[in-house]
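As structure tokens, the structure follows; a few thoughts come after it.
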Amino acid sequence: MSTLSLPLPAARRLAPALAMLLLMAGMLLLSLLLDVASGPSMLPLREVVAALSGSGAERGSDVIVWQIRLPVALMALLVGAALGLSGLVMQTVLHNPLASSYTLGVSAGAGFGAALVIVLGSALPLPETVAIPLAAFLFAGIACSAVLGIGRAKGGQADSYVLGGIALLFLFQALLSLLQYLASPEALQAIVFWLFGSLYKASWPKLGLVAAVLALCLPLLLRDAWRFTALGLSDERAQSLGVNVTALRWRALAIVSLLTGAAVAFVGTIGFVGLIAPHIARFLLGEDQRLLLPGAALCGALLLSLSSLLGKWLSPGALIPIGIVTAAVGVPFFLLLVMRSKPGAW
Amino acid sequence: MLQAQQLNVSLGRQAILHDVSFEARPGEVTALLGPNGSGKTTLLKTLAGLLPARGQLQWQGQALPLQRGGQLHAACGYLPQDCSTRSRLSVTEAVLLGQLGALGWRVSAEQRAAVQQQLAALGLGALAERRLCELSGGQRQMVFLAQVLLRQPGLLLLDEPISALDLQHQVQVMRSVREQTQARQLTCVVVLHDLNAALAYADRVLLLQHGRLLAAGPARDILTPTLLAPVFGVAIHQAHTASGHSVLCPHGG
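Protein chains in written order, with the numbering used here: chain S, 1 to 346; chain Z, 1001 to 1253.
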């Protein structure tokens, strides 16, 4: 058999996949512009572009774009990207299509940390604006460490991490319920609003921090892209290719805790994006993690940006928490994915 | 050459291997035989560096670390027994992973050509664009063998590579293994259940029972009814074909 006559599918598929990534990036840019243009006072797109480029927009539009809407729209992008990435990494290293920081207790841990600060309130030496994100970060890390610890204690098998994560989810939900039961009416209201997830807590310094976390985590994950692709075959197969699976899993989940902490710390708990974005990316791009990692980040960003847009269009002038929109869109979408999947795909 | 001295392996509190010592030589296929639960896979994983063990393991005169496990020795190509996967990677992409340590963001023309050659060598060219999850168990096993061979290992460790294959593919795989072993002077240790495959393709045999090495030596010396019958618990008859080959079969079979 002539070896030269064989096709080169790995090479051939790279070009359309890169085109797909570019298309997603283009859609994301459009969604960002529409998100910035939308609000109680609709701005024409050319006014938005003029304000963004600093070329002669009205002063009012300039303030609306730069001070109010752009931080919120960018926060949707960055948080969506962080959630999409963390969901993909969890699904890959735990071999479970239902894994995400939301379903395995990491977001619940962060939510509990934030609620704890809200209830303790003035007893803390730090202002709430600093203490809430800090506690969310801290408890996301604690939750992820606990998932890692439980999994490792049970021999490092993927299933044990998942079961540990589900147990943690219930634990943090129970603790959260206890806090809500004990909280004053004002604190209870603050907790509930925080837990819904809202992009309107965005500000430029917060954006900078989330961007820095993403800028740190994405290259670290891309460095392991081939190892993640190998891990997609199975633990044993990845080991047979020279991957230290336990070390990779620890490294990956540490990054997940950073990404989730950054996302939840500033906008609250947002479900379904981390669960669905990886599935869409996988459907569009295949399982090569060189493409899938940026793809999941772009899908997550696009999903949250579109959810933000949808929230504004559904109820102009009212601030519908983004977590409610993502759940409303995410549940039917997720069911569609389940119904369309082939037997055994889950 | 691979030299194992007094390997002891425990999983939890259960001792699986006891004082296993042997040598495997370059250019030879060494078959690892024994009944289910005798410790064959455990021994193979230990040789690969995936399980922690006590004792000494030397490859080409250099000691290999044994204490920690979890990390494949660099010289090893290891083919696990379980070939199930839900991955939707194409066959080409999967085999490409055999060069994992050398892969960068861009896959070079040489790396792609190496994949093609390996697929062609095992007669898998027609499957190049098929997805792994669409293949039969036997086809997947062949693809994973191509993946392992692409690593260009000095030490080839294969765990039941032909158990899931039809007769034609069994012959094809074992011939390839033997040819590659001789051509590249690999040291090959292969777990087999088929005594006749061992007789046909192995130079040496290690016979395990209850985690202990019962016998080791040239295949024709070890694969005898006298040694095998008590180990497997069945009477075994050895016949000779007109062409002079030996065949082992259970009595009454």
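Idealized CB from N, CA, C, for every residue including glycine.
With 16 other Cβ atoms within 10 Å as the buried cut-off, status of residue 1247 of chain Z | exposed
Please classify residue 1144 of chain Z: does DSSP put it in a helix, a strand, or coil?
-> helix
Neighbour flag for residue 273 of chain S against chain Z, beta carbons, 9 angstroms | no
State the Cα-Cα distance for the pair residue 116 of chain S and residue 191 of chain S, rounded to the nearest angstrom.
-> 9 angstroms
Is the beta carbon of residue 269 of chain S sitting closer than 9 angstroms to the one on residue 122 of chain S?
-> no
Taking the C-alpha atoms as reference points, what is the distance between residue 1141 of chain Z and residue 1170 of chain Z?
-> 11 angstroms
Hey, would you say residue 1152 of chain Z sits closer than 9 angstroms to residue 1175 of chain Z, going by beta carbons?
-> no
If I'm right that residue 28 of chain S touches residue 37 of chain S with Cβ under 8 angstroms, what's the distance once you round it to whole angstroms?
-> Contact flag wrong, Cβ pair sits at about 15 angstroms.
Classification of residue 1038 of chain Z by the beta-carbon crowding that lies within 10 angstroms, buried from 16 upward = buried
Alpha carbon to alpha carbon, how far is residue 1048 of chain Z from residue 1020 of chain Z? Give it in angstroms, no decimals.
-> 15 angstroms
Using 8 angstroms as the threshold, is the segment 125-133 of chain S in touch with the segment 280-296 of chain S, meaning 3 or more CB pairs across them?
-> no
Proximal residues to residue 1076 of chain Z (C-beta, below 7 angstroms), its chain only, five neighbours per side dropped = 1048, 1049, 1153, 1155, 1157
Rounded straight-line distance, which links the Cα of residue 230 of chain S to that of residue 1257 of chain Z = Absent from the structure is residue 1257 of chain Z, since the part of chain Z shown begins at 1001 and ends at 1253.
The segment 299-307 of chain S in contact with the segment 273-280 of chain S per 3-pair CB rule at 8 angstroms | yes
Does DSSP put residue 1059 of chain Z in a helix, in a strand, or in coil?
-> strand
Got a sec: is the Cβ-Cβ distance from residue 337 of chain S to anything in chain Z below 9 angstroms?
-> no
Residue 261 of chain S and residue 326 of chain S look like a contact to me (Cβ under 8 angstroms); what is the Cβ gap, rounded to whole Å?
-> Incorrect: roughly 19 angstroms between the Cβ atoms, too far for contact.
With DSSP collapsed to three states, give me the class of residue 334 of chain S.
-> helix
Would you mind sorting residue 215 of chain S into buried or exposed? The rule is 16 or more other CB atoms within 10 Å of its CB.
-> exposed
Between residue 329 of chain S and residue 307 of chain S, what straight-line distance do the alpha-carbon atoms span, to the nearest angstrom?
-> 8 angstroms
N-terminal and C-terminal residue of the alpha helix (DSSP H) that residue 1118 of chain Z is part of | 1109-1121
Would you mind giving the Cβ-Cβ distance between residue 226 of chain S and residue 148 of chain S, rounded to the nearest angstrom? I have them listed as a contact below 8 angstroms.
-> Wrong, their Cβ atoms sit about 23 angstroms apart, outside the cutoff.
CA-CA distance, residue 64 of chain S and residue 31 of chain S?
-> 17 angstroms
Cutoff 9 angstroms: residue 1177 of chain Z Cβ touching any chain S Cβ | no
Test: residue 204 of chain S CB closer than 9 angstroms to a CB of chain Z = no
Specify whether the segment 1017-1033 of chain Z and the segment 1126-1134 of chain Z touch according to this definition: at least 3 beta carbon pairs, one from each stretch, less than 8 angstroms apart.
-> no
As assigned by DSSP and simplified to three states, the class of residue 982 of chain Z = As displayed, chain Z neither begins before 1001 nor continues past 1253, which places residue 982 of chain Z out of reach and without an answer.
Within 10 angstroms of the Cβ of residue 75 of chain S, are there 16 or more other Cβ atoms? Answer buried if so, exposed if not.
-> buried
Say whether chain Z places a C-beta atom closer than 9 angstroms to the C-beta of residue 162 of chain S.
-> no
When DSSP labels each residue in this structure, what does residue 135 of chain S get in the three-state scheme?
-> helix
Return no unless some Cβ of chain S is closer than 9 angstroms to the Cβ of residue 1151 of chain Z.
-> yes
Residues of the segment 88-102 of chain S with Cβ closer than 7 angstroms to any Cβ of chain Z, in chain order = none
Output, in chain order, the set of chain Z residues within a Cβ distance shorter than 9 angstroms of residue 41 of chain S.
-> Near residue 41 of chain S there are no residues of chain Z at all, since even the closest Cβ is about 45 angstroms away, more than 9 angstroms.
Inter-residue Cα distance where the pair is residue 88 of chain S and residue 101 of chain S = 10 angstroms
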